[in-house]
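Below is one structure; the comments refer to it alone.
There are 2 protein chains.
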Amino acid sequence: MPRKTIADVARVAGVSKSTVSRVLGGKTRYMRAETRERVLQAINTLGYRPSVVARSLVSKRTQTVGLLISDIGNPFYHEVIRGVEDVAVAHDYSIFFCNTNYDPARSRQHFHSLVDKQVDGVLFMASGDYSSWTLDEAAQHALPLVLVDWNVEDAPPQSLLSKITLNFVPGIHEAIAHLVSLGHTRIAHVSGPHTLATARKRKQAFLDAMEKHGLDAAQAPVIEGDLRVAGGRQALGAILEIAPRPTAVLAANDLTALGLLWEARNRDISVPEQLSIVGLDDITLASQVTPALTTVSLPRYDLGKIAMQLLLEMLQSGECFTRRVDTRLVIRQSTAPSPA
Amino acid sequence: MPRKTIADVARVAGVSKSTVSRVLGGKTRYMRAETRERVLQAINTLGYRPSVVARSLVSKRTQTVGLLISDIGNPFYHEVIRGVEDVAVAHDYSIFFCNTNYDPARSRQHFHSLVDKQVDGVLFMASGDYSSWTLDEAAQHALPLVLVDWNVEDAPPQSLLSKITLNFVPGIHEAIAHLVSLGHTRIAHVSGPHTLATARKRKQAFLDAMEKHGLDAAQAPVIEGDLRVAGGRQALGAILEIAPRPTAVLAANDLTALGLLWEARNRDISVPEQLSIVGLDDITLASQVTPALTTVSLPRYDLGKIAMQLLLEMLQSGECFTRRVDTRLVIRQSTAPSPA
DNA sequence: TCGGTTTCTGAAACCGATTTCATTATGCCA
DNA sequence: TGGCATAATGAAATCGGTTTCAGAAACCGA
Chain A
1 MPRKTIADVA RVAGVSKSTV SRVLGGKTRY MRAETRERVL QAINTLGYRP SVVARSLVSK
61 RTQTVGLLIS DIGNPFYHEV IRGVEDVAVA HDYSIFFCNT NYDPARSRQH FHSLVDKQVD
121 GVLFMASGDY SSWTLDEAAQ HALPLVLVDW NVEDAPPQSL LSKITLNFVP GIHEAIAHLV
181 SLGHTRIAHV SGPHTLATAR KRKQAFLDAM EKHGLDAAQA PVIEGDLRVA GGRQALGAIL
241 EIAPRPTAVL AANDLTALGL LWEARNRDIS VPEQLSIVGL DDITLASQVT PALTTVSLPR
301 YDLGKIAMQL LLEMLQSGEC FTRRVDTRLV IRQSTAPSPA
Chain B
1001 MPRKTIADVA RVAGVSKSTV SRVLGGKTRY MRAETRERVL QAINTLGYRP SVVARSLVSK
1061 RTQTVGLLIS DIGNPFYHEV IRGVEDVAVA HDYSIFFCNT NYDPARSRQH FHSLVDKQVD
1121 GVLFMASGDY SSWTLDEAAQ HALPLVLVDW NVEDAPPQSL LSKITLNFVP GIHEAIAHLV
1181 SLGHTRIAHV SGPHTLATAR KRKQAFLDAM EKHGLDAAQA PVIEGDLRVA GGRQALGAIL
1241 EIAPRPTAVL AANDLTALGL LWEARNRDIS VPEQLSIVGL DDITLASQVT PALTTVSLPR
1301 YDLGKIAMQL LLEMLQSGEC FTRRVDTRLV IRQSTAPSPA
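Spelled out as C-alpha cells, the structure:
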C-alpha cells in the first residue's frame, strides 16, 4: 500500500491537484468554502499527509536545521540542546544532530552531509573544531550559520552568519568580588586547555578581575586543566603544593570544579572550610552535589533558544545578527570565609 | 548563484543527464571509460553535489533516521546516542534528534514530523511515553521501528519492528550476591516510578534476587523514587526511618544512587562504612565521584550501536529481530562489609 | 554482405508536490 | 441583455534527480 499522494486526494475530492495544493498551503482566498470542505474531507478519509520531500524539492526549504556540537557527554550541551529543540519544535523544524567528537574530519563530513541534505541553516557549537573552510563553504552554498562563542573576523564578505558571544566578564568579576569579600586573597584558577579560545577568554577574565580587586594577577596561580573531572582532580594535587597554599579556586567549568571537590574529599580537605571552590556553567549537577557548588552561571537553555531563534530570524529576514549572553554568580555552599 | 544541477554537469561534459546519473550511481558497467572520465571531470570543475532531496523523491530513501529519547538531561542517554551516532556516521545516515521531554503529545508530534519527512526508520527509546498508536501508525506507514526496553505483545501483524530488551537480572543478582557476601541482610531498594514498566522490571529482579539468596523479599523495604537525584535524596530520609535500619541500598539507577550518596553526606552518614550503596547504569559520573559508585553496568554505548545496526539490517533485509543486552556488576568504593 | 548480439547513450516518463497562466463561472451595472 | 470585472478552478511546467525503453554503434560469425 503505497503512500497517498496529492493526486489521490484530488481524485477523491473531485478537484484538481492545484486546488488541493491550495488548501494545503492555506491559499484559500479565492475558493468556495464548499470546495475546501470537500478537499479537507478527502484528506481526512484518506489519512493523507503531504510529502515534505516533494515539497522541499520545489520550495527549496526543508524545515530542517543542523546542530553541530563537539561532545554529547559534556553536560554543558544538554540544556543548550533542550533550548534549541524547544524553539525548533515550536516552529515545526527538525534537527539533524551531529556530534563531532572533537574531530575536525568528522566535523567536516557532517557539514557536507548537511549541505547535501539541504538544511535551511546550521548551528555551529563545536567551537573547538573550527577551520575556515567551514565559513567558506557555507558562504559558497549561501547557507545561514549561527556561531556560538567563536571569534571570527575573517568571514567571507557575502556570508550569512550570526554570532553569539559569551560574556564571562560579569560573572567572573562577581565571583572574585565574592571571594574577596569573604577574605580570600590567594585565589587560584584552573583553566581549560590554552589551545581553546574560550579557555583563554575565561582565564583573561579571571586575571582582569583579580587586578581590578587589587590582587596581584601576575602572581596568581593558573593551572591548566582539561575541562573534565579528571583534570580537576589532578589540579587539586598541584594546588596543594603551592606555598602559600591558595584558599580559593575558580575553575574554568563545573566539571573541573567537581573534580576539585571530589579529590578534596578524597584527601580529607574539607570544602568550603579549608578551600572555597567556584565553578562555571551551572550545570544541573552543580546544585545537586553536596556541598552544592557556588558557580558562575551561564544561561545555557537561553543560549540554545537564542541561537535557534536567531537562525529563524535570519531565515526570514536574510539579515545577520550578533548577540551577547551574560553570566552571573550563583552563590551556594562551596564557598566560605577564608581560614587565613 | 543557484545550486548546480545534474543538467549543468551534463552540458559541461557534453553528455545526457542519464549518463551523469549513471556515473553518480556507479552503474558504469556498460560505459566507455573515457565518457565516465569526462563526467567526473565536469563534476569536479563545477563542484557539483547531487541533491539528496531530489534523489529521495524518486528513491523513497532519505538516508535519515529518527531518534526519540525522553530526556537529553538524563546521562543514561549520552552514551547511547554516541553509539547510535557512530554507526550512523559510518553508514552515511543522518539523525533527526527528538527529545520528547516525557510528554506523549510532544512524542506524537515528533513522530508525525518524522513520518512526514520520510525517515527510513525510527529508534524509539522514549520508553515512558509509549502508546499503542505508535505501533499502529508505524505499521500503517510501513515504517521500520526499533524499540528499546519495551514489552510489546500486541504489535500489529505486518509491522516491521525489532526489539532490544534489557536484561537486568544477572547484574542485579550479582549485586545482591555481592552485598550478601559482605554480610548485609537488610537491603532496601529505591525503585523508579511504578508506572514505568522498566522500573517494575528492575524491582522484580531485585525481589527475585533477594529470594534467591534466602532473604525475605516480602519484608524488603521498597521506596518509590523518580530516577533522579532529588528522588534519591528524599528516599534516604525514608530509609533512615526504617527500623531496623537497612545497611545497604540498591538504587534503580545511578542518579538515584548519587542522590542517596549526597544526602547521606549531608546527614553525616558515611558511605560505605555505615551504608552501602549500589547504583544501576554505570553512567560516566559513577566512577568519578567520591566514593566511586559500585553499580550494575548497562553497556549503553553498545546498546546504541546495536540499535542502529539492527535498524540498518532491517532496512536491508526487511526482516525483524530481537536482541537482549545483559548487565553485570562493577564493584567500586560505595559498598563495604555490613556494620552489623 | 548481412543479420544478430553486445555495448553504449539519450529521450522521455516519473517521483509528489507548487506555481504560473489560462479558462470558465458568476455578479454587477448600464 | 450584453459587457466586463472578479471569483474560482484546472492544465501544464517545474523542481533535480532516476529509470525505462528504444535506438545507434560496434562487433562477430556465417
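Heads up: the protein sequence lines correspond to chains A and B, in order. Using the working numbering, the first residue of the first sequence is number 1, and each one after it goes up by one. Using the working numbering, the first residue of the second sequence is number 1001, and each one after it goes up by one. Ideal Cβ placement from N, Cα and C applies to all residues, glycine included. Since we're looking at a predicted model, the values are computed, not measured.
By the beta-carbon neighbour count (other beta carbons within 10 angstroms, threshold 16), A:Arg267 is exposed. Contact between the stretch 1053-1067 of chain B and the stretch 1239-1256 of chain B is absent: fewer than 3 CB-CB pairs across the two stretches fall below 8 Å. Contact between A:Leu123 and A:Val89 does not hold, since the beta-carbon distance rounds to 15 Å and is not under 8 Å.
The stretch 1002-1037 of chain B is shown to contain whole alpha helix (DSSP H) runs of 4 or more residues at 1006-1013, 1017-1025, in chain order. When beta bridges are read from the DSSP output, A:Glu224 appears opposite A:Ser191. Pairing A:Leu207 with A:Ser276 gives a Cβ-Cβ distance that is not under 8 Å. Scanning the stretch 1228-1308 of chain B from its first residue to its last, the whole alpha helix (DSSP H) runs of 4-plus residues come out as 1229-1240, 1254-1266.
A:Asp136 is outside the set of residues whose beta carbon lies under 8 Å from a beta carbon in chain B. Under the three-state reduction of DSSP output, B:Leu1143 falls in the coil class, being neither helix nor strand. Non-local C-beta neighbours of A:Ser270 in its own chain, meaning closer than 8 Å and more than five positions away in sequence, comprise Ala264, ordered along the chain. B:Thr1045 carries a helical assignment under DSSP once its states are collapsed to helix, strand and coil. The C-beta of A:Leu57 comes closer than 8 Å to at least one C-beta of chain B.
Taking 8 Å as the threshold, the shortest C-beta distance from B:Asp1226 to chain A does not fall below it. Contact between B:Thr1198 and B:Gly1192 holds, with the beta-carbon distance rounding to 7 Å and staying under 8 Å. In this structure, DSSP gives B:Leu1196 a state outside helix and strand, which the three-state scheme calls coil.
For A:Ile81, the uninterrupted alpha helix (DSSP H) run begins and ends at 76-90, by DSSP. If the five residues before and after A:Pro50 are omitted, its C-beta is found closer than 8 Å to the C-beta atoms of Ile6, Leu24, all from its own chain and listed in chain order. Scanning A:Val278, A:Leu255, A:Arg323 for the CA closest to the CA of A:Asp226 turns up A:Leu255. Distances from the alpha-carbon of B:Ala1188 to those of B:Pro1170, B:His1178, B:Met1210 put B:Met1210 closest. For A:Gly121, the nearest beta carbon of chain B is not closer than 8 Å to its own beta carbon. Contact with chain A is absent for B:Trp1133, since none of that chain's Cβ atoms lies less than 8 Å from the residue's Cβ. For A:Gly66, the three-state secondary structure derived from DSSP is strand. In terms of CA proximity to B:Arg1332, B:His1178 leads the group B:Gly1231, B:His1178, B:Gly1318. Taking a Cβ-Cβ cut-off of 7 Å, the neighbours of A:Ser94 in chain B comprise Phe1096, Ser1113, Lys1117, given in sequence order.
Counting along the chain, the unbroken alpha helix (DSSP H) around B:Asp1116 starts and ends at 1104-1116. It is roughly 35 Å from the alpha-carbon of A:Ala10 to the alpha-carbon of B:Thr1100. Using a Cβ-Cβ cut-off of 8 Å, B:Ala1054 counts as an interface residue toward chain A, since at least one Cβ of chain A sits closer than that to its own. Contact between the stretch 142-156 of chain A and the stretch 213-230 of chain A is absent, with fewer than three C-beta pairs closer than 8 Å.
A:Pro2 and B:Lys1060 have their C-alpha atoms spaced approximately 11 Å apart. When only Cα atoms are considered, A:Arg202 and A:Leu260 end up about 18 Å apart. Counting along the chain, B:Ser1094 sits inside the beta strand (DSSP E) bounded by residues 1094-1099.
The stretch 1104-1119 of chain B makes no contact with the stretch 36-43 of chain A; the number of CB pairs closer than 8 Å stays below 3. When Cβ-Cβ separations below 8 Å define contact, B:Ile1269 makes no contact with chain A. Under the three-state reduction of DSSP output, B:Lys1163 falls in the strand class. Excluding residues up to 5 positions away in sequence, Thr100, Tyr102, Ala126, Gly128 lie with their Cβ nearer than 6 Å to the Cβ of A:Ser70 in the same chain. Residue pairing for B:Arg1324: DSSP places it in a beta bridge opposite B:Thr1165.
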